[in-house]
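Shown next, in structure tokens, is the structure this report addresses.
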Amino acid sequence: MSRMLYLQTADGLVEHLVADASEPGRYAIRYEADVTANIEENKARFNGPDRTLDGLGRKVASIPNAVAMIWLTRYGVDVFRKDHWPAVRRLLNDPEWRHLRTAPGKI
Numbered sequence: 002m003s004r005m006l007y008l009q010t011a012d013g014l015v016e017h018l019v020a021d022a023s024e025p026g027r028y029a030i031r032y033e034a035d036v037t038a039n040i041e042e043n044k045a046r047f048n049g050p051d052r053t054l055d056g057l058g059r060k061v062a063s064i065p066n067a068v069a070m071i072w073l074t075r076y077g078v079d080v081f082r083k084d085h086w087p088a089v090r091r092l093l094n095d096p097e098w099r100h101l102r103t104a105p106g107k108i
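The sequence shown begins at 2 in the working numbering and counts up by one.
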């Protein structure tokens, strides 16, 4: 039997802390989030007219926090660190993550 505690953030990312009753002191953290709305908005922007936010550039991607967590745990890429930008760019140009893009072309 396991026991589960959870914390939900404002953006919908849910963090579960799972305690395993059969092995005292053993825990696991699991994250989940519904990013459907983010992906659908990205697709609409990608297929929409080429707009700029401030006249200086255009938005090329939108990365939900749940995806940022996946990248950090799976690839060691922190989207909030400037020195990780080459890895973020590589991931955004990867077809597997194409639905995070809001504009065509390579970054």
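Every residue, glycine too, gets a C-beta built ideally from N, C-alpha and C.
In the DSSP assignment, find the unbroken beta strand (DSSP E) run with residue i in it and report its ends.
i, result
"Ala34", "Per DSSP, Ala34 belongs to no beta strand (DSSP E) and is neither H nor E."
"Ala104", "Per DSSP, Ala104 belongs to no beta strand (DSSP E) and is neither H nor E."
"Val68", "No beta strand (DSSP E) holds Val68; the alpha helix (DSSP H) holding it covers 66-76."
Are the Cβ atoms of residue i and residue j separated by less than 9 Å?
i, j, result
"Gly18", "Tyr28", "The amino acid occupying residue 18 in the given sequence is Leu; Gly does not appear at that position. Their beta carbons are under 9 Å apart, which means Leu18 touches Tyr28 by this criterion."
"Ala45", "Leu93", "no"
"His100", "Asn43", "yes"
Which first and last residues belong to the alpha helix (DSSP H) in which residue i is found?
i, result
"Leu93", "86-94"
Have a look at the DSSP bridge pairing and note the partners of residue i.
i, result
"Ala62", "Arg102"
Going by beta carbon distance, what residues of the same chain come within less than 7 Å of residue i, once the five residues before and after it are set aside?
i, result
"Met2", "Because Met2 sits at a pLDDT of 43, beneath the cut-off of 50, its placement in the model cannot be relied upon, and the point is left open."
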